[in-house]
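Trainee: Mind looking over this structure? Questions follow.
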Amino acid sequence: MNSKRLRDINSAIKIARAIGWIALLISTILYLLILFSFNYNSDQLSIFTVFPIWLWSVIGLGFIFISMICLKKKLLLWFFGAWIFTALLESDEIISLKRGFTPTLKKIKTGTDLASPIQTLRVASINCNGRKIEAALELIDYNPDIIFLQESPSPENLKIIKNRLLDPTIQIVGGWDCAIIARGKLTKRNYSSIFYNHATGAMLTLKNGSTIELLCIHLESAVTRWDLWNKNCWKEHQKRSQERRDQLQQLLSQYEKFASDRPKVFGGDFNSPPNSNLFKSLSSEYKNAFSSTGKGIGNTFTNYFPVIRIDHIYSNPDLQPVDSSSIRTVHSDHRMLICDFILKQKN
Numbered sequence: 001m002n003s004k005r006l007r008d009i010n011s012a013i014k015i016a017r018a019i020g021w022i023a024l025l026i027s028t029i030l031y032l033l034i035l036f037s038f039n040y041n042s043d044q045l046s047i048f049t050v051f052p053i054w055l056w057s058v059i060g061l062g063f064i065f066i067s068m069i070c071l072k073k074k075l076l077l078w079f080f081g082a083w084i085f086t087a088l089l090e091s092d093e094i095i096s097l098k099r100g101f102t103p104t105l106k107k108i109k110t111g112t113d114l115a116s117p118i119q120t121l122r123v124a125s126i127n128c129n130g131r132k133i134e135a136a137l138e139l140i141d142y143n144p145d146i147i148f149l150q151e152s153p154s155p156e157n158l159k160i161i162k163n164r165l166l167d168p169t170i171q172i173v174g175g176w177d178c179a180i181i182a183r184g185k186l187t188k189r190n191y192s193s194i195f196y197n198h199a200t201g202a203m204l205t206l207k208n209g210s211t212i213e214l215l216c217i218h219l220e221s222a223v224t225r226w227d228l229w230n231k232n233c234w235k236e237h238q239k240r241s242q243e244r245r246d247q248l249q250q251l252l253s254q255y256e257k258f259a260s261d262r263p264k265v266f267g268g269d270f271n272s273p274p275n276s277n278l279f280k281s282l283s284s285e286y287k288n289a290f291s292s293t294g295k296g297i298g299n300t301f302t303n304y305f306p307v308i309r310i311d312h313i314y315s316n317p318d319l320q321p322v323d324s325s326s327i328r329t330v331h332s333d334h335r336m337l338i339c340d341f342i343l344k345q346k347n
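Written out as structure tokens, the structure is:
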């Protein structure tokens, strides 16, 4: 083997090692940054937490894999394991998969008792993808008692949905961006006009006289730019995160005043994953229905390739979640979210 070929081989080895060390450095920095971002969870770092942690883990593992090929060091297995462990420990999907790989929610309500038809309440939520009535109609097969619609069909189309449900007790409030359809008497709540396109609230009175405070929410959309080298991108993510948090805090402040001590359930499209700092402002009394009872993968966006759960339903202890599922749709870019609750009767 001549000296020129040896020099070429040595040069290639040096380049491969350099690539390996650079890949390891990138993966390590990314790991520390992601770990800090998901635990510190601030508006300034929302550019990272808007994506699920398992997606960052895949990227980090990709760099580790390159490093392993180039460096061939067993020590790298520890870095590989660290990414795997973090993904398993921190991923929202793992929690529901521990309960079961297959959703158990059926078209008939969980624990339905014909002698007590309001024992179980089914709550459904869907983003109708530009006011499509076809998306809202997909909920009918699941026979929900309460429906939260975002990007709602027009008031005229909501009447069509009501007629399809074949129940004379059904009433509607809202109709532009957010709407509520429910069995029983709905008393509309007047929230601040700044939330005209972000929320619709009502008090629901059931057949037996019980009341439930309802709120359908559609918070500010997430930023779609990812030019991380541009400081304006970071500022835009931070600003949008703060806007969503301010919207939710102000909405819930009014919601609490309306609700008093009655059962409460609110939900919709929050444009934020469950581990977002958006939900730090929630009272500890509120429980995320899918986080508590869901099985399988609960991601709701996008419909055809769901990578993140941004649609949520919350309740206070008077409404106990018993099952929850995200279900693929045909006409929406979101999956529908359906949750069954037991309404606790107060003495």
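Residue numbers (the numbering used here): 1 to 347. Ideal placement from N, C-alpha and C gives every residue a C-beta, glycine not left out.
1. Express the C-alpha separation of THR211 and TRP54 in angstroms, rounding to a whole number.
2. Since I believe ILE338 is in contact with ARG122 (beta carbons under 8 Å), could you give me their beta-carbon distance rounded to a whole number of angstroms?
3. Closest to LYS295 by C-alpha separation, out of GLY100, LEU252, ARG335, ALA289, would be which residue?
4. Is the beta carbon of PRO263 closer than 8 Å to that of THR293?
5. Is the beta carbon of ALA182 sitting closer than 8 Å to the one on LEU137?
6. Under the rule that 16 or more other beta-carbon atoms within 10 Å means buried, what is ASN157, buried or exposed?
7. Report the rounded CA-to-CA distance for THR104 versus SER324, giving the unit in angstroms.
8. Consult DSSP for TYR389 and reduce its assignment to one of helix, strand or coil.
9. Scan the segment 47-103 and note each continuous alpha helix (DSSP H) run of 4 residues or more that stays entirely inside, going in chain order.
10. Should THR49 go down as buried or exposed, given a rule of 16 or more other Cβ atoms within 10 Å for buried?
11. Report, in whole angstroms, the separation of the C-beta atoms of ASN288 and PRO306, which I expect to be a contact under 8 Å.
12. Smallest Cα separation from LEU186: which of TYR196, ILE147, LEU165, THR224?
13. What's the gap between the Cα of GLY175 and the Cα of TRP234?
14. Verify whether the separation of the beta carbon atoms of CYS216 and GLY298 is less than 8 Å.
15. Considering only C-alpha positions, which residue in the set LEU71, GLN238, LEU97, GLY62 is nearest to GLY81?
16. Alpha carbon to alpha carbon, what distance is there between ASN232 and ARG240?
17. Please work out which residues of its chain come closer than 7 Å, Cβ to Cβ, to ALA259, disregarding the five sequence neighbours upstream and downstream, and give them in chain order.
18. Taking the alpha-carbon positions, what's the ARG328 to ILE9 distance?
19. Return the chain-ordered ranges of every beta strand (DSSP E) run that is complete within the segment 206-289 and spans a minimum of 3 residues.
20. Whole angstroms are fine: how far does the CA of ASP145 sit from the CA of THR169?
21. Can you grab the Cα-Cα spacing for the pair HIS312 / SER11, in whole Å?
22. So the alpha helix (DSSP H) PRO155 belongs to, where does it begin and stop?
23. From what residue to what residue does the beta strand (DSSP E) around GLU355 run?
24. So, is VAL330 buried or exposed, given that buried needs 16 or more other C-beta atoms within 10 angstroms?
25. Does the Cβ of ALA115 have 16 or more other Cβ atoms within 10 Å, making it buried, or fewer, making it exposed?
26. Just to confirm the assignment, what range does the beta strand (DSSP E) spanning ILE181 have?
27. Count the other C-beta atoms from every protein chain shown that fall within 10 angstroms of the C-beta of GLU256, then say buried if there are 16 or more, exposed otherwise.
28. Would GLY20 and ILE95 qualify as a contact pair, given that the criterion is a beta-carbon distance under 8 Å?
29. Report yes if the CB atom of LEU248 is closer than 8 Å to the CB atom of LEU206, and no otherwise.
Mentor: This is what the structure gives:
1. Rounded to whole angstroms, TRP54 to THR211 spans 41 Å at the Cα level.
2. Contact flag correct, Cβ pair sits at about 7 Å.
3. The residue with the shortest Cα to Cα distance from LYS295 is GLY100.
4. Taking 8 Å as the Cβ cut-off, THR293 and PRO263 do not qualify as a contacting pair.
5. Their beta carbons are not under 8 Å apart, which means ALA182 does not touch LEU137 by this criterion.
6. Buried: at least 16 other Cβ atoms inside 10 Å.
7. Taking the straight line joining both Cα atoms gives about 8 Å.
8. Since the displayed the chain opens at 1 and closes at 347, residue 389 lies outside it and no answer follows.
9. Listed in chain order, they are 53-71, 76-90, 92-99.
10. THR49 is buried by the Cβ-count criterion.
11. The C-beta distance from ASN288 to PRO306 rounds to 17 Å, too long to meet the 8 Å contact threshold.
12. Looking at TYR196, ILE147, LEU165, THR224, the one whose alpha-carbon comes closest to that of LEU186 is ILE147.
13. Cα to Cα, the separation comes out at about 34 Å.
14. No.
15. For the residues LEU71, GLN238, LEU97, GLY62, the minimum Cα distance to GLY81 belongs to GLY62.
16. Roughly 12 Å between the two C-alpha positions.
17. Same-chain partners within the cutoff: GLU213.
18. Answer to the nearest angstrom: the Cα atoms are 53 Å apart.
19. Qualifying beta strand (DSSP E) stretches, in chain order: 211-218, 264-269.
20. Distance between the alpha carbons of THR169 and ASP145 is about 10 Å.
21. A straight-line Cα-Cα distance of about 55 Å links HIS312 and SER11.
22. 155-164 is the extent of the alpha helix (DSSP H) around PRO155.
23. Residue 355 is absent from the model: the chain starts at 1 and stops at 347.
24. The residue is exposed, with fewer than 16 neighbouring Cβ atoms inside 10 Å.
25. Residue confidence is low: ALA115 scores 47 on pLDDT, short of 50, so the model does not pin down where it sits. Its coordinate-derived value is still stated next. Exposed.
26. It spans 170-183 - the beta strand (DSSP E) in which ILE181 sits, taken as one unbroken run.
27. Per the 10 Å Cβ criterion, exposed.
28. Pairing GLY20 with ILE95 gives a Cβ-Cβ distance that is not under 8 Å.
29. No; because the gap between Cβ atoms is not below 8 Å, this pair is not in contact.
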